[in-house]
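Engineer:
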Amino acid sequence: MELSYYNSLLLLFVVFITCYKLFTKRFKNLPPSPPPLPLIGNLHHLKPPALSQKYGPIFSFRFGSQLSMVISSASLAEECFTKNDIVLANRFRSPKTKHLTYNNTVVITSPYGDHWLNLCRICFLEILSTQRLNSFMGIRRDETARLIRSLSQGLGEGFTRVEVRLKLMSDGKS
Ligand SMILES: *[C@@H]1O[C@H](CO)[C@@H](O)[C@H](O)[C@H]1NC(C)=O
Numbered sequence: 001m002e003l004s005y006y007n008s009l010l011l012l013f014v015v016f017i018t019c020y021k022l023f024t025k026r027f028k029n030l031p032p033s034p035p036p037l038p039l040i041g042n043l044h045h046l047k048p049p050a051l052s053q054k055y056g057p058i059f060s061f062r063f064g065s066q067l068s069m070v071i072s073s074a075s076l077a078e079e080c081f082t083k084n085d086i087v088l089a090n091r092f093r094s095p096k097t098k099h100l101t102y103n104n105t106v107v108i109t110s111p112y113g114d115h116w117l118n119l120c121r122i123c124f125l126e127i128l129s130t131q132r133l134n135s136f137m138g139i140r141r142d143e144t145a146r147l148i149r150s151l152s153q154g155l156g157e158g159f160t161r162v163e164v165r166l167k168l169m170s171d172g173k174s
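At position 78 of the sequence shown (counting the first as 1) the number is 78 in full-length UniProt numbering, and the numbers step up by one without a gap.
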């Protein structure tokens, strides 16, 4: 009984250390960061203005195990979208997105490259081109008129508060 208690304590300790090592894995060239905790990362530090005063306009932050960068300067943000845009063009990937998006091959999770450019080309030609948009114009006009009609239903003379979000999410039957 006593022995098994100590064994489980030891096991717990080993699991804790392994998690800590895993979640606080060191990367090179990271901006400064508040010290993360295992599993929750820096979630207990969530007070951005105070952190940027302490660590500067760029610092790393762990949302759980997910490493992120926080940038709070216009010139650094501009650099991210101009000089380093290709490096930062890739989207967040995880085992979850891998299973949900066919091994990250759909346009929202695919890494920047030939495949992604091809997908974008297809989207612009087949979904967002003027010809396609015009061909669905009737449906959009009809849906907009239906929404306006449903919003104005039951309105009297004065103003009434309506929640548009629910209307936008509904299938139009209610
Ligand atoms: C998933 O994608 C990776 C990287 O693009 C590739 O190396 C791997 O072979 C792919 N897996 C499958 C099952 O297609």
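The beta carbon of each residue, even a glycine, is placed where N, CA and C say it ideally should be.
Predicted model, so just to flag it, every value in this text is computed and none were measured.
Report yes if the C-beta of N90 is less than 7 angstroms from at least one heavy atom of ligand 1; otherwise report no.
Structural biologist: Translated into the one-based positions of the sequence shown, residue 90 becomes position 90. Because no heavy atom of ligand 1 lies under 7 angstroms away, the Cβ of N90 does not count as near it: no.
Engineer: Would the region 133–145 count as touching the region 107–119 if we require 3 or more Cβ pairs under 8 angstroms?
Structural biologist: Judged by Cβ distances under 8 angstroms, the region 133–145 makes no contact with the region 107–119, as fewer than three pairs qualify.
Engineer: Is the region 106–114 touching the region 80–96 in the sense that three or more CB pairs, one from each, lie closer than 8 angstroms?
Structural biologist: yes
Engineer: Between which two residues does the alpha helix (DSSP H) holding L168 run?
Structural biologist: The count along the sequence shown starts at 1 and reaches residue 168 at position 168. For L168, the enclosing alpha helix (DSSP H) starts and ends at 164–169.
Engineer: Name all residues in chain order for which at least one heavy atom of ligand 1 lies closer than 7 angstroms to the residue's CB.
Structural biologist: N103, N104
Engineer: Considering just the uninterrupted stretch of the alpha helix (DSSP H) at S65, what are its terminal residues?
Structural biologist: Along the sequence shown, one-based indexing puts residue 65 at 65. S65 -> no alpha helix (DSSP H), and no H or E assigned at all.
Engineer: Is the distance from the Cβ of S60 to the Cβ of L30 below 8 angstroms?
Structural biologist: As a working mapping, residue 60 is identified with position 60 in the sequence shown. As a working mapping, residue 30 is identified with position 30 in the sequence shown. Their beta carbons are under 8 angstroms apart, which means S60 touches L30 by this criterion.
Engineer: Classify G138 as helix, strand or coil using the three-state DSSP reduction.
Structural biologist: Locating residue 138 in the sequence shown gives position 138, counting from the first residue. Reduced to three states, the DSSP call for G138 is helix.
Engineer: Cβ of P34 within 8 angstroms of Cβ of N42?
Structural biologist: Locating residue 34 in the sequence shown gives position 34, counting from the first residue. Locating residue 42 in the sequence shown gives position 42, counting from the first residue. Yes.
Engineer: Short check: CB of V106 to CB of C123, under 8 angstroms?
Structural biologist: To locate residue 106, count along the sequence shown from 1; it is residue 106. To locate residue 123, count along the sequence shown from 1; it is residue 123. Cβ distance not < 8 angstroms, so V106 and C123 don't count as in contact.
Engineer: Please classify H99 as buried or exposed, where buried requires at least 16 neighbouring CB atoms within 10 angstroms.
Structural biologist: Stepping through the sequence shown from its first residue, residue 99 is reached at position 99. The residue is exposed, with fewer than 16 neighbouring Cβ atoms inside 10 Å.
Engineer: State the beta-bridge partners of S60 as determined by DSSP.
Structural biologist: Position 60 of the sequence shown, counted from the first residue, corresponds to residue 60. Looking at the DSSP output, S60 shares a beta bridge with M69.
Engineer: If we call anything under 8 angstroms between Cβ atoms a contact, is G64 one with L46?
Structural biologist: Position 64 of the sequence shown, counted from the first residue, corresponds to residue 64. Position 46 of the sequence shown, counted from the first residue, corresponds to residue 46. Going by C-beta atoms, G64 is not nearer than 8 angstroms to L46.
Engineer: Cutting at 8 angstroms between CB atoms, please list the residues of its own chain near N104, excluding the five before and the five after it.
Structural biologist: Counting from one through the sequence shown, the residue named residue 104 turns up at place 104. Only R93, T97, K98, S110, P111 meet the Cβ criterion.
Engineer: Grab the span of the alpha helix (DSSP H) containing T97 for me, first residue to last.
Structural biologist: On the sequence shown, position 97 is the one that residue 97 refers to. Run containing T97: 95–100, per the alpha helix (DSSP H) assignment.
Engineer: Since S110 is in the alpha helix (DSSP H), which residue starts that stretch and which ends it?
Structural biologist: Position 110 of the sequence shown, counted from the first residue, corresponds to residue 110. Annotation: S110 is outside any alpha helix (DSSP H) and is labelled neither H nor E by DSSP.
Engineer: Taking the alpha-carbon positions, what's the Q131 to M169 distance?
Structural biologist: Within the sequence shown, the letter at position 131 stands for residue 131. Within the sequence shown, the letter at position 169 stands for residue 169. Each residue's alpha carbon lies about 27 angstroms from the other.
Engineer: Out of P57, Y6, R62, which one is the CA nearest neighbour of H44?
Structural biologist: Reading the sequence shown from its first residue, position 44 is the one you call residue 44. Distance check between H44 and each of P57, Y6, R62 places R62 closest, using alpha-carbon atoms only.
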